[in-house]
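Worksheet for the structure shown next.
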Amino acid sequence: MLTYVGSVIRTTTGQNELARWCDLDIYVALPLVVSPGRGRRPAVRDVCGENLLYKVKATRLRRFAALRPASGPGMRLSGRPRPAPPDTVRHLVREGPNVSVCCSAASNIYDRGSLRGNSILSTETWVSRHMNDRFWLYNWIDEKAIKSEKDIDRVVKRRATFGELERIAEVIPYTTEEVSHEGPYALAGRGMDLTGELDCYAWNCQKKQVDVLFSRTWHYFDKIVVTGLTPTRFCQMLDSSYDSQFRKLVLASQLRLLLYLRDIGAEANLIFRQKTPACRQHFEEHLRESGLSHLVDAAAPLVDELALAGHYTIDRRCDDHLHYTFEHPLLEHVQSGAVGAGLVGEDLARAIAMDVFKLYSAHMVADIRTSRIVKAPLAAVVGLHRETLYRVPAADEHSIALELGLPFLNGVPVKDLIQIRNDEYLSFEKFRTSLRKAIKEKVTSATEGGPTEVANEISRDIVLPSLNEIALKLNKAQKVLTKKSALSVGVGVAATMIGAIAGIPLLLPAGVASALLPSAHYMKYLEEKRDIELADMYFLWKLQGKATP
Numbered sequence: 012m013l014t015y016v017g018s019v020i021r022t023t024t025g026q027n028e029l030a031r032w033c034d035l036d037i038y039v040a041l042p043l044v045v046s047p048g049r050g051r052r053p054a055v056r057d058v059c060g061e062n063l064l065y066k067v068k069a070t071r072l073r074r075f076a077a078l079r080p081a082s083g084p085g086m087r088l089s090g091r092p093r094p095a096p097p098d099t100v101r102h103l104v105r106e107g108p109n110v111s112v113c114c115s116a117a118s119n120i121y122d123r124g125s126l127r128g129n130s131i132l133s134t135e136t137w138v139s140r141h142m143n144d145r146f147w148l149y150n151w152i153d154e155k156a157i158k159s160e161k162d163i164d165r166v167v168k169r170r171a172t173f174g175e176l177e178r179i180a181e182v183i184p185y186t187t188e189e190v191s192h193e194g195p196y197a198l199a200g201r202g203m204d205l206t207g208e209l210d211c212y213a214w215n216c217q218k219k220q221v222d223v224l225f226s227r228t229w230h231y232f233d234k235i236v237v238t239g240l241t242p243t244r245f246c247q248m249l250d251s252s253y254d255s256q257f258r259k260l261v262l263a264s265q266l267r268l269l270l271y272l273r274d275i276g277a278e279a280n281l282i283f284r285q286k287t288p289a290c291r292q293h294f295e296e297h298l299r300e301s302g303l304s305h306l307v308d309a310a311a312p313l314v315d316e317l318a319l320a321g322h323y324t325i326d327r328r329c330d331d332h333l334h335y336t337f338e339h340p341l342l343e344h345v346q347s348g349a350v351g352a353g354l355v356g357e358d359l360a361r362a363i364a365m366d367v368f369k370l371y372s373a374h375m376v377a378d379i380r381t382s383r384i385v386k387a388p389l390a391a392v393v394g395l396h397r398e399t400l401y402r403v404p405a406a407d408e409h410s411i412a413l414e415l416g417l418p419f420l421n422g423v424p425v426k427d428l429i430q431i432r433n434d435e436y437l438s439f440e441k442f443r444t445s446l447r448k449a450i451k452e453k454v455t456s457a458t459e460g461g462p463t464e465v466a467n468e469i470s471r472d473i474v475l476p477s478l479n480e481i482a483l484k485l486n487k488a489q490k491v492l493t494k495k496s497a498l499s500v501g502v503g504v505a506a507t508m509i510g511a512i513a514g515i516p517l518l519l520p521a522g523v524a525s526a527l528l529p530s531a532h533y534m535k536y537l538e539e540k541r542d543i544e545l546a547d548m549y550f551l552w553k554l555q556g557k558a559t560p
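Numbering follows the working numbering, in which position 303 of the sequence shown is assigned residue number 314; successive positions increment by one, without gaps.
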């Protein structure tokens, strides 16, 4: 157990296994005990003496007090400044401030009321009253009547807002709960789970995540499991090492995102769940535990590719480590971190590539483990995650559905997509049933190739031909009606009438119909049009008209 004394935690021996506080970006030695005084803030300092790797309130330490058992004698910690062994400090710094944590379940939960008293109890009462299957920030914005960007600007500028949300976030358990929804649902992976992790926290980027999310899932899944800004991540942002403007940016973007989801009608299609911690130390172990040992074997060639095709820049050189930035075509954003000093050339490139790969792999493993808990297929969108997962060409029904792209619908706004799906639900269900049947047939026929290849086959061989057939039948029916009607009323008048009746309801009163065109011709056209509307892909064909060129 870790003994905390003073205001700064410093390592004094380097023989013990190191681990992290759950999701708090802080390395500590094992075994551990937390005994903070009121108001004290433990911290771990960078070996350079310039950066504070992480600083966290004592109340938050109690929340994540359990770590893996240690081997060997406990590491002595003291508030007095003593130099730590180079190997230990390098390990602390190399893992850096990236979001990557130990995954162990909590075994020592401390009494929160011992330090916070009535204030924490009143917050717990708020949580018990408001926390249900909804997102914690949705409950808060409803209570505060936040309905516009003006309201968001007002609450973000208030100094009391972050303290109020912190008190709420601190008492929300960090757990990953199962999902009870009976219909098909999918888990959004990093890059579109609305967290901003491995992506971007800016509003425009968050909005793009919504577009990507629904473009990958709307045609097959009823619900999507997302994460958003979790209570744990919110507490992390309150550390002094984060700029206040960054905190305001993240909170404002998340609130705008929630209002946007509500405006487009997507709130009802989302299920919010916290994901398991991203553990960089044990990701290979967790893959094997999950029966995914083949992904461990895929790691080495991917690291080689990152080292070969990636580009790194050394931003700062310290006594025993280097700070870098790294970019690669598989990475959506430039990554930064630190590696040990003394490496040059190919060895340095591979060390940086391995450091980046461990970060991305930790989040990928967290996504995979969460998908097992919530019993949902994982929709991976991050380039490196997709490259890793799809190196093994195993295609099942859900993975194929997630890869089924319909590029001719790219211009359809998400709001229209959701509204039409709700308004034309019976037609949509017919389309989705047909799609499921096609996917199952591909799976049972043992089609070669991974999910992407099989999905492309379905789009090419089934979806597009069906849409073309619907278009041809409608054009033919309209041409026949125009030709026959022209014999009675003239070509110009008939063409005008055909355009007018294109949107006439099927149950149009007979008197109105006969007033427009000769009854026999019109009824024949309606019969053909009705048969076409009963086609499996008619919903998709109708949706095409909403796409912008």
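Backbone N, C-alpha and C fix where the C-beta goes; we use that ideal spot for every residue, glycine too.
* **Sheet register partners of I235 (DSSP bridge)** => Within the sequence shown, numbered from 1, the residue matching residue 235 stands at position 224. Beta-bridge partners assigned by DSSP to I235: A197 and L281.
* Could you check where the beta strand (DSSP E) with E338 kicks off and where it finishes? -> For the purposes of this step, residue 338 is taken as residue 327 along the sequence shown, with counting starting at 1. Segment H332 to E338, the beta strand (DSSP E) holding E338.
* Asked: If you drop the 5 nearest sequence neighbours on each side, which residues of the same chain put their C-beta closer than 7 Å to that of Q430?
  -> Numbered from 1 along the sequence shown, position 419 holds the residue referred to as residue 430. Counting only residues of its own chain and dropping the five nearest sequence neighbours on each side, Q430 has a CB closer than 7 Å to the CB of G276.
* Identity of the residue in G174, F294, I235 and I179 nearest D250 by Cα -> Numbered from 1 along the sequence shown, position 239 holds the residue referred to as residue 250. When each option's Cα is compared against that of D250, the closest is G174.
* Is there contact here, the region 317-332 with the region 348-367, by at least three beta-carbon pairs under 8 Å? -> yes
* Beta-carbon proximity list for E188, same chain, < 7 Å, skipping 5 on both sides -> Working through the sequence shown from its first residue, we reach residue 188 at position 177. So the qualifying residues of the chain are R284.
* Asked: What number of angstroms, rounded off, separates the C-alpha of W552 from the C-alpha of L478?
  -> Residue mapping note: residue 552 aligns to position 541 of the sequence shown, counting from 1. Residue mapping note: residue 478 aligns to position 467 of the sequence shown, counting from 1. Cα to Cα, W552 sits roughly 6 Å from L478.
* Asked: What whole-angstrom Cβ distance do G205 and L268 have, given they're in contact under 8 Å?
  -> Translated into positions along the sequence shown, residue 205 becomes position 194. Translated into positions along the sequence shown, residue 268 becomes position 257. This sequence places Leu at residue 205; Gly is not what is there. Between L268 and L205 the Cβ distance is about 6 Å, and since that is below 8 Å, they are a contact.
* Looking only at its own chain, which residues have a Cβ that is under 6 Å from the Cβ of P462, when we skip the five neighbours before and after it? -> Position 451 of the sequence shown, counted from the start, is the residue given in the question as residue 462. Excluding positions up to five away in sequence, the list reads A406, S410, I411 and E414.
* Closest to H192 by CA distance: which of A387, I152 and I163 is it? -> Reading the sequence shown from its first residue, position 181 is the one you call residue 192. Answer by Cα proximity: A387.
* On the three-state DSSP scale, how would you describe L303? -> As a first step, residue 303 must be located in the sequence shown, where it is residue number 292. Here L303 carries a coil assignment [DSSP, helix/strand/coil].
* State yes or no: is the C-beta of V236 within less than 8 Å of the C-beta of A180? => Sequence index remark: in the sequence shown, residue 236 carries index 225 (1-based). Sequence index remark: in the sequence shown, residue 180 carries index 169 (1-based). No, the pair does not count as a contact, with Cβ atoms beyond the cut-off.
* G348: first and last residue of the uninterrupted alpha helix (DSSP H) it sits in -> Residue mapping note: residue 348 aligns to position 337 of the sequence shown, counting from 1. Careful: G348 lies outside any alpha helix (DSSP H), inside the beta strand (DSSP E) at Q346 to G351.
* Asked: In terms of residues, what are the limits of the alpha helix (DSSP H) holding Y592?
  -> This structure cannot settle anything about residue 592, because the visible part of the chain is limited to 12 through 560.
* Asked: In three-state DSSP terms, what is T228?
  -> Within the sequence shown, residue 228 is the residue found at index 217, counting from 1. Looking at T228 - three-state DSSP - the assignment turns out to be helix.
* Per DSSP, I325 forms a beta bridge with which residues? -> As a first step, residue 325 must be located in the sequence shown, where it is residue number 314. I325 pairs with Y335.
* Please report the Cβ distance between G200 and V393, rounded to the nearest whole angstrom; I am assuming they are in contact, meaning their Cβ atoms lie under 8 Å. => Residue mapping note: residue 200 aligns to position 189 of the sequence shown, counting from 1. Residue mapping note: residue 393 aligns to position 382 of the sequence shown, counting from 1. At roughly 7 Å, the Cβ-Cβ gap stays under 8 Å, so G200 and V393 are in contact.
* Looking only at C-alpha atoms, which of G207, D326 and L240 sits nearest to Y149? -> Within the sequence shown, numbered from 1, the residue matching residue 149 stands at position 138. When only C-alpha atoms are compared, the closest one is L240.
* Asked: Where does A390 fall in DSSP's three states?
  -> Numbered from its first residue, the sequence shown carries residue 390 at position 379. Three-state result, A390: strand.
* Determine, using beta-carbon pairs with one atom in the region 215-226 and one in the region 463-477, whether at least three such pairs fall under 8 Å. => no
* Asked: D547 to R432, Cα distance in whole Å?
  -> For the purposes of this step, residue 547 is taken as the residue at position 536 of the sequence shown. For the purposes of this step, residue 432 is taken as the residue at position 421 of the sequence shown. When the Cα atoms are used, D547 and R432 turn out to be separated by approximately 14 Å.
* **Alpha-carbon to alpha-carbon, S470 and L317** => Taking the sequence shown and counting its residues from 1, one reaches residue 317 at position 306. Taking the sequence shown and counting its residues from 1, one reaches residue 470 at position 459. For L317 and S470, the distance between alpha carbons rounds to 32 Å.
* Taking all protein chains shown into account, do 16 or more other C-beta atoms lie within 10 angstroms of the C-beta of S456, making it buried, or fewer, making it exposed? -> As a working mapping, residue 456 is identified with position 445 in the sequence shown. Counting Cβ neighbours within 10 Å, S456 comes out exposed, since fewer than 16 surround it.
* Report the rounded CA-to-CA distance for C246 versus L420, giving the unit in angstroms. => Looking up residue 246 in the sequence shown gives position 235. Looking up residue 420 in the sequence shown gives position 409. If you take the alpha carbons of C246 and L420, they lie about 39 Å apart.
* Asked: Helix, strand or coil for P288 per DSSP?
  -> Position 277 of the sequence shown, counted from the start, is the residue given in the question as residue 288. Coil, per DSSP.
* Asked: Would D378 be called buried (16 or more neighbouring beta carbons within 10 Å of its own) or exposed?
  -> If you number the sequence shown from 1, residue 378 lands on position 367. When all chains shown are included, D378 counts as buried.
* **Buried/exposed call for Y436, threshold 16 Cβ in 10 Å** => Translated into positions along the sequence shown, residue 436 becomes position 425. The residue in question, Y436, is exposed, as its Cβ has fewer than 16 Cβ neighbours within 10 Å.
* Asked: Can you list, in chain order, the residues of its chain whose CB lies under 8 Å from that of R383, leaving out five sequence neighbours each side?
  -> Residue numbering aside, residue 383 sits at position 372 when the sequence shown is read from its first letter. S301.
* To do: Taking V367 as part of the alpha helix (DSSP H), name the residues at either end of that continuous run.
  => Position 356 of the sequence shown, counted from the first residue, corresponds to residue 367. Its alpha helix (DSSP H) spans residues G356 to V385.
* Asked: For the putative contact between F337 and V367, defined by C-beta atoms under 8 Å, what is the C-beta separation to the nearest angstrom?
  -> For this step, residue 337 is matched to residue 326 along the sequence shown. For this step, residue 367 is matched to residue 356 along the sequence shown. Right, the Cβ-Cβ distance comes to about 5 Å (below 8 Å), so this counts as a contact.
* **Reference R361, options A310, V345 and T399, closest by Cα** => In the sequence shown, residue 361 corresponds to position 350, counting from 1. The option with the nearest alpha carbon to R361 is A310.
* To do: With a 10 Å radius around its C-beta and 16 neighbouring C-beta atoms as the bar for buried, classify R291 as buried or exposed.
  => Here residue 291 corresponds to residue number 280 of the sequence shown, with the count starting at 1. It is buried - the Cβ of R291 has at least 16 other Cβ atoms within 10 Å.
* Take the Cβ of F146 as the centre, count every other Cβ of all protein chains shown within 10 Å, and call the residue buried at 16 or more, exposed below. => Here residue 146 refers to the residue found at position 135 when the sequence shown is read from its first residue. So F146 counts as buried.
* Residue range of the alpha helix (DSSP H) that includes H409 -> On the sequence shown, residue 409 is found 398 positions in, with the first residue counted as 1. In the DSSP assignment, H409 falls within the unbroken alpha helix (DSSP H) covering E408 to E414.
* List the whole-angstrom C-beta distance separating F442 from F294, where the pair is believed to meet the contact cut-off of C-beta under 8 Å. => The residue labelled residue 442 in the question sits at position 431 within the sequence shown. The residue labelled residue 294 in the question sits at position 283 within the sequence shown. At roughly 39 Å, the Cβ-Cβ gap does not stay under 8 Å, so F442 and F294 are not in contact.
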